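Written out below as structure tokens is the structure these notes cover.
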Amino acid sequence: MSRIRDTFAELKHTARGGFIPFITAGDPDLVTTELLLIELAAAGADIIELGVPFSDPVADGEVIQRASERALRKGVTLSDVLRCVSNVKQHIEVPIVLFSYLNPLLKFGKDQLAEEAKRTGVDAVLITDLIPEEGGPWITAFHDHGIELIFLVAPTTSNDRLARIAQLASGFIYAVSRSGVTGERNEIPRDAESLVKRARAASDLPIAVGFGISTAEQVRQVWRFADAAVTGSAIVRQIESLADSPDLVARYEAKN
Amino acid sequence: MQKSPITRSEPDEHGHWGEFGGRYVPETLVAPLDELTNEFMRARQDPNFWGECNQLLRDYCGRPTPLFHARRLTAHAGGAQIYLKREDLLHTGAHKINNAVGQALLARRMGKRRVIAETGAGQHGVATATVCALFGLHCVVYMGAEDVRRQALNVFRMRLLGAEVITVNAGTRTLKDAINEALRDWVTNVDDTYYLLGSALGPHPYPLMVRQFQSVIGREAREEILSVTGKLPRALIACVGGGSNAIGLFHPFIADEQVRLIGVEAGGRGDSLGEHAARFHSGTASGGGQVGVLQGTMSYVLQDTNGQIATTHSISAGLDYSAIGPEHAFLHNSGRAEYIRASDAEALEGFRLCARLEGIIPALETSHAIMPAIRVAHELSRDEVIIINLSGRGDKDVQLVAGLQPQ
Numbered sequence: 000m001s002r003i004r005d006t007f008a009e010l011k012h013t014a015r016g017g018f019i020p021f022i023t024a025g026d027p028d029l030v031t032t033e034l035l036l037i038e039l040a041a042a043g044a045d046i047i048e049l050g051v052p053f054s055d056p057v058a059d060g061e062v063i064q065r066a067s068e069r070a071l072r073k074g075v076t077l078s079d080v081l082r083c084v085s086n087v088k089q090h091i092e093v094p095i096v097l098f099s100y101l102n103p104l105l106k107f108g109k110d111q112l113a114e115e116a117k118r119t120g121v122d123a124v125l126i127t128d129l130i131p132e133e134g135g136p137w138i139t140a141f142h143d144h145g146i147e148l149i150f151l152v153a154p155t156t157s158n159d160r161l162a163r164i165a166q167l168a169s170g171f172i173y174a175v176s177r178s179g180v181t182g183e184r185n186e187i188p189r190d191a192e193s194l195v196k197r198a199r200a201a202s203d204l205p206i207a208v209g210f211g212i213s214t215a216e217q218v219r220q221v222w223r224f225a226d227a228a229v230t231g232s233a234i235v236r237q238i239e240s241l242a243d244s245p246d247l248v249a250r251y252e253a254k255n
Numbered sequence: 000m001q002k003s004p005i006t007r008s009e010p011d012e013h014g015h016w017g018e019f020g021g022r023y024v025p026e027t028l029v030a031p032l033d034e035l036t037n038e039f040m041r042a043r044q045d046p047n048f049w050g051e052c053n054q055l056l057r058d059y060c061g062r063p064t065p066l067f068h069a070r071r072l073t074a075h076a077g078g079a080q081i082y083l084k085r086e087d088l089l090h091t092g093a094h095k096i097n098n099a100v101g102q103a104l105l106a107r108r109m110g111k112r113r114v115i116a117e118t119g120a121g122q123h124g125v126a127t128a129t130v131c132a133l134f135g136l137h138c139v140v141y142m143g144a145e146d147v148r149r150q151a152l153n154v155f156r157m158r159l160l161g162a163e164v165i166t167v168n169a170g171t172r173t174l175k176d177a178i179n180e181a182l183r184d185w186v187t188n189v190d191d192t193y194y195l196l197g198s199a200l201g202p203h204p205y206p207l208m209v210r211q212f213q214s215v216i217g218r219e220a221r222e223e224i225l226s227v228t229g230k231l232p233r234a235l236i237a238c239v240g241g242g243s244n245a246i247g248l249f250h251p252f253i254a255d256e257q258v259r260l261i262g263v264e265a266g267g268r269g270d271s272l273g274e275h276a277a278r279f280h281s282g283t284a285s286g287g288g289q290v291g292v293l294q295g296t297m298s299y300v301l302q303d304t305n306g307q308i309a310t311t312h313s314i315s316a317g318l319d320y321s322a323i324g325p326e327h328a329f330l331h332n333s334g335r336a337e338y339i340r341a342s343d344a345e346a347l348e349g350f351r352l353c354a355r356l357e358g359i360i361p362a363l364e365t366s367h368a369i370m371p372a373i374r375v376a377h378e379l380s381r382d383e384v385i386i387i388n389l390s391g392r393g394d395k396d397v398q399l400v401a402g403l404q405p406q
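First to last, the sequence lines map onto chains A and B.
If you're matching positions, the first sequence starts at 0 in numbering that gives the first Met the number 0 and goes up one per residue.
If you're matching positions, the second sequence starts at 0 in numbering that gives the first Met the number 0 and goes up one per residue.
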């Protein structure tokens, strides 16, 4: 059993919705990222998505773009991100999903990444610009090392395609709540619930909903029809606003 | 009448030329890209589509463009006869209009009322704004802040044509960032928006589709040179940013093995990463041009050792881009085409030389091809022929070059 499957089984058993926070690794610096991961786990995160900074994040809105820029200005690399996971995994059990664009992973090498991910305690990888049609070698490499590859589905995804993606996906299915980039929104579109229904018809895997989920109320709304909610930009924006304070982590905790 | 030529460089059904090309996009864009591919494949086989397209290219854009015998450049080079394919004479002043007309017709077929585009030098933005005015479509053009500064005249032209120009302040503030912003717009507004991409880049079907609309350049040039000289040229020379003017000229000659295909990349002002836009330059310890994925396609990409996309430099905004179209990557690796570099200084030399010797002021992008072409001509005999793709005119660059004088 994978840790991600265990997590969703436990959520189902206790009839709870899952909460999946996202932060960008190295924003504002790697030490703070390690502290934040430990605090997020202590605060009850069920899974954590850890963003690998990239120079050209086309799927991201301004908040996560700026977080990537801050991390890259500090020179943060994929190796640093993996070291960061390795360090915190001595203290926390919560599954960690690397959230990345393809090019930095391609440069690192898929087999080397699969090995390093296994060694450092990464549970799964989500690659925003890798669709299953181009993903064959990555699926194989990760499968061989027991790393799960998370695929996205979107409101524009047809039912036929949902079925094909479901066959290749592992861990959970990430349902994009709307056509658009990441970022806070005022409401959850109706598309999201119908997408989750369509995905349920295609797959038995748990379904997490992300993109634009920014308030506690929205998280609860998502839990009514999906297994977990992902919140990114709303958290990253708080990190941004507190980044210059030495007590960022403590104040972040107090706010939540 | 255009036909769809099947050659060795036809991609597979998912848009792969060997390991290059394909689709590396967020899931949301797969359905609109499928819809676009299907519509393009239908249009490609539809005589009515080509009838309308060819009529517009003739009556609105001014095709066919002449193939001009550049006698004074030829004398200067002291070798092969140099011919210029005069894409600079087209409406809006560059080859970009060929693709803009074709894709605007597709947008209309698909019932999309809103068109978005990216632009570097502004030539593609102007071409898109122009066809949107012609078809009554709402037009939004994304342009990096650095390019807005160095191509102010084209920004004014686009606004005059009714387009909304959005300045992009992210990243390096050039073409790459304009494409990122256009992709973010498209992923947000997929239902009513057509993304009119301007070069042979991006996810399938764009590289194939842009090549199709630009290969009119090479088809005409091939007929013209055969009719004037009775033989094929020894070499074709074109500048390569994303690579649409080059692939448009090269493609109809790919099966003619005796014709050298030479692409000229921007050598900028130095060899180190960030100082040039030469994607086939494998570079230094800090990184260089390597196989990677940028903006939807697998190709050669200028990047650092951690896979972050590198900044680029070129005196010409249209060549100032970190990746090259995937078919060029394929032609490079297969050895069918050669890729060389011309520096900023060489481009300026070509710019001035072409103006003084032929009375033609080429775009700074195009100017990169002039000095390398003179060297190629010099090594050939007088009874041989080469063709330069004079892809655009240089009015837009006059102010920038004036600011550099005297050197």
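Ideal Cβ positions, reconstructed from N, Cα and C, are used throughout, including at glycine.
These figures come from a predicted structure and were not determined experimentally.
Interface residues of chain B around F53/A at Cβ under 9 Å?
Position 54 of the first sequence holds residue 53/A. Within 9 Å Cβ-Cβ: G306, Q307 and I308.
Close-in-space but distant-in-sequence residues of the same chain around T283/B (CB under 8 Å, 5 per side omitted):
Within the second sequence, numbered from 1, the residue matching residue 283/B stands at position 284. Contacts found: D270, S271 and L272.
Which same chain residues end up closer than 7 Å to A42/B when comparing Cβ atoms and leaving out the 5 residues on each side of it in sequence?
Counting from one through the second sequence, the residue named residue 42/B turns up at place 43. For A42/B, same chain residues with a beta-carbon under 7 Å away, outside a window of 5 residues either side, are F48, L105 and R108 in chain order.
Can you give the Cα-Cα distance for G108/A and G306/B, rounded to whole angstroms?
Here residue 108/A is taken as the residue at index 109 of the first sequence, counted from 1. Here residue 306/B is taken as the residue at index 307 of the second sequence, counted from 1. If I take the Cα positions, the gap works out to 10 Å.
For a test of the three-state rule: what should DSSP assign to P4/B, helix, strand or coil?
Walking along the second sequence from the start, residue 4/B turns up at place 5. For P4/B, the predicted structure reports a pLDDT of 41, less than 50, and the residue's modelled location is therefore unreliable. The matter cannot be settled from this model.
Quick one: what's T32/A bridged to in DSSP?
The count along the first sequence starts at 1 and reaches residue 32/A at position 33. For T32/A, which the question treats as bridged, DSSP gives no partner whatsoever.
For the candidate residues L152/B, V139/B, A277/B and V209/B, whose alpha-carbon lies nearest to that of T91/B?
Walking along the second sequence from the start, residue 91/B turns up at place 92. The shortest Cα separation from T91/B among L152/B, V139/B, A277/B and V209/B belongs to L152/B.
Roughly how many angstroms lie between the CA atoms of S176/A and L151/A, to the nearest whole one?
Reading the first sequence from its first residue, position 177 is the one you call residue 176/A. Reading the first sequence from its first residue, position 152 is the one you call residue 151/A. Whole-angstrom Cα-Cα distance: 10 Å.
Could you round the C-beta distance between G324/B and S198/B to whole angstroms and report it? I think they count as a contact, below 8 Å.
Here residue 324/B refers to the residue found at position 325 when the second sequence is read from its first residue. Here residue 198/B refers to the residue found at position 199 when the second sequence is read from its first residue. For a cut-off of 8 Å, the C-beta gap from G324/B to S198/B is around 6 Å, short enough to register as a contact.
Would you say E274/B lies against chain A (beta-carbon separation less than 8 Å)?
Your numbering for residue 274/B matches position 275 in the second sequence. Residue-level contact by beta carbon fails for E274/B and chain A, as no gap is shorter than 8 Å.
Report, in whole angstroms, the separation of the C-beta atoms of V258/B and L231/B, which I expect to be a contact under 8 Å.
One-based indexing of the second sequence puts residue 258/B at position 259. One-based indexing of the second sequence puts residue 231/B at position 232. The Cβ separation is near 6 Å, so the contact holds.
Straight-line Cα distance separating Y205/B from N179/B:
On the second sequence, residue 179/B is found 180 positions in, with the first residue counted as 1. On the second sequence, residue 205/B is found 206 positions in, with the first residue counted as 1. Distance between N179/B and Y205/B, taken at the CA atoms: about 15 Å.
Using a Cβ-Cβ cut-off of 6 Å (strictly less than) and excluding sequence neighbours within five positions of S3/B, which residues of its own chain qualify?
Sequence index remark: in the second sequence, residue 3/B carries index 4 (1-based). For S3/B, the predicted model reports a pLDDT of 41, less than 50, meaning its position is unreliable; a value from the coordinates is still stated below. Result list for S3/B: R43, in chain order.
Could you check the C-alpha separation between I46/A and L195/B for me, to the nearest Å?
For the purposes of this step, residue 46/A is identified with residue 47 of the first sequence, where counting begins at 1. For the purposes of this step, residue 195/B is identified with residue 196 of the second sequence, where counting begins at 1. The C-alpha of I46/A lies about 39 Å from the C-alpha of L195/B.
From this set, E378/B, E256/B, A30/B and T171/B, which residue's C-alpha is nearest E145/B's C-alpha?
Position 146 of the second sequence holds residue 145/B. Among E378/B, E256/B, A30/B and T171/B, the Cα nearest to that of E145/B belongs to T171/B.
Does DSSP classify H68/B as helix, strand or coil?
Your numbering for residue 68/B matches position 69 in the second sequence. In the three-state reduction of the DSSP assignment, H68/B falls in the strand class, which pools E and B.
Taking all protein chains shown into account, do 16 or more other C-beta atoms lie within 10 angstroms of the C-beta of T64/B, making it buried, or fewer, making it exposed?
On the second sequence, position 65 is the one that residue 64/B refers to. In the assembly as shown, T64/B is a buried residue. Its beta-carbon has 16 or more other beta-carbons within 10 Å.
Does the region 360-367 of chain B come close enough to the region 53-60 of chain B that 3 or more CB-CB pairs lie under 8 Å?
Taking 8 Å as the limit for Cβ pairs, the verdict is that the region 360-367 of chain B does not touch the region 53-60 of chain B.
With I22/A as the anchor, note down where its beta strand (DSSP E) starts and where it stops.
As a working note, residue 22/A is residue 23 in the first sequence. Start and end: G17 to T23.
DSSP-derived helix/strand/coil call for P131/A:
As a position in the first sequence, residue 131/A is number 132, starting the count at 1. In the structure shown, P131/A sits in a helix (DSSP, three-state: H, G or I).
Just to confirm, are A126/B and I96/B a CB contact at a threshold of 8 Å?
The residue labelled residue 126/B in the question sits at position 127 within the second sequence. The residue labelled residue 96/B in the question sits at position 97 within the second sequence. Contact flag set, yes.
Given this structure, state the Cα-to-Cα distance separating F279/B from P251/B, to the nearest angstrom.
Numbered from 1 along the second sequence, position 280 holds the residue referred to as residue 279/B. Numbered from 1 along the second sequence, position 252 holds the residue referred to as residue 251/B. Each residue's Cα considered, the two are about 23 Å apart.
Going by the CB atoms, is the gap between D28/A and K73/A shorter than 8 Å?
Walking along the first sequence from the start, residue 73/A turns up at place 74. Walking along the first sequence from the start, residue 28/A turns up at place 29. D28/A is positioned such that its CB atom lies closer than 8 Å to that of K73/A.
By how many angstroms is the C-alpha of K196/A removed from the C-alpha of I369/B?
On the second sequence, position 370 is the one that residue 369/B refers to. On the first sequence, position 197 is the one that residue 196/A refers to. Approximately 60 Å, taken between the alpha carbons.
Quick one: give me the first and last residue of the beta strand (DSSP E) that D303/B is part of.
Numbered from its first residue, the second sequence carries residue 303/B at position 304. Looking at the DSSP string, the run of the beta strand (DSSP E) that includes D303/B is G295 to D303.
When the Cα atoms are used, what is the spatial distance from R342/B to A234/B?
Reading the second sequence from its first residue, position 343 is the one you call residue 342/B. Reading the second sequence from its first residue, position 235 is the one you call residue 234/B. The amino acid occupying residue 342/B in the given sequence is Ser; Arg does not appear at that position. Taking the straight line joining both Cα atoms gives about 21 Å.
Is it buried or exposed, S240/A, if we count other Cβ atoms within 10 angstroms and call 16 or more buried?
Counted from its first residue, the first sequence places residue 240/A at position 241. In this structure S240/A is exposed. Its beta-carbon is surrounded by fewer than 16 other beta-carbon atoms within 10 angstroms.
Contiguous beta strand (DSSP E) assignments of at least 3 residues, all confined to the region 98-132 of chain A
Every unbroken stretch of the beta strand (DSSP E) spanning 3 or more residues and falling wholly within the region 98-132 of chain A is given here in chain order: 123-126.
According to DSSP, is M109/B helix, strand or coil?
If you number the second sequence from 1, residue 109/B lands on position 110. Looking at M109/B - three-state DSSP - the assignment turns out to be coil, as it is neither helix nor strand.
Use the C-beta contact count for E48/A: other C-beta atoms within 10 angstroms, 16 or more gives buried, fewer gives exposed.
If you number the first sequence from 1, residue 48/A lands on position 49. E48/A is buried by the Cβ-count criterion.
Tell me whether A94/B sits in a helix, a strand or coil according to DSSP, three-state version.
Against the second sequence, residue 94/B aligns to sequence position 95. Here residue 94/B turns out to be His, not Ala, going by the sequence shown. Coil, per DSSP.
Below 9 Å on C-beta distance, what does G291/B contact in chain A?
If you number the second sequence from 1, residue 291/B lands on position 292. Listed by position along chain A, the residues whose Cβ is nearer than 9 Å to that of G291/B are L101, N102, L105 and K106.
Note down the Cα distance separating E256/B from R335/B, rounded to an integer number of angstroms.
The count along the second sequence starts at 1 and reaches residue 256/B at position 257. The count along the second sequence starts at 1 and reaches residue 335/B at position 336. In a straight line, the C-alpha of E256/B is about 8 Å away from that of R335/B.
Whole-angstrom Cβ separation of A237/B and N388/B, contact assumed at under 8 Å?
Locating residue 237/B in the second sequence gives position 238, where the first residue counts as 1. Locating residue 388/B in the second sequence gives position 389, where the first residue counts as 1. About 4 Å separates the two Cβ atoms, so the contact holds.
Would you grab the beta carbon distance between T192/B and I115/B for me? Rounded to a whole angstrom, and I think it's under 8 Å.
Taking the second sequence and counting its residues from 1, the one referred to as residue 192/B is at position 193. Taking the second sequence and counting its residues from 1, the one referred to as residue 115/B is at position 116. Going by Cβ atoms, the distance from T192/B to I115/B rounds to 6 Å, so yes, they are a contact pair.
Kindly give me the distance between the Cβ atoms of V147/B and T166/B, rounded to whole angstroms, as I take these residues to be in contact under 8 Å.
For the purposes of this step, residue 147/B is taken as the residue at position 148 of the second sequence. For the purposes of this step, residue 166/B is taken as the residue at position 167 of the second sequence. With a contact defined as Cβ atoms closer than 8 Å, V147/B and T166/B qualify at about 5 Å.
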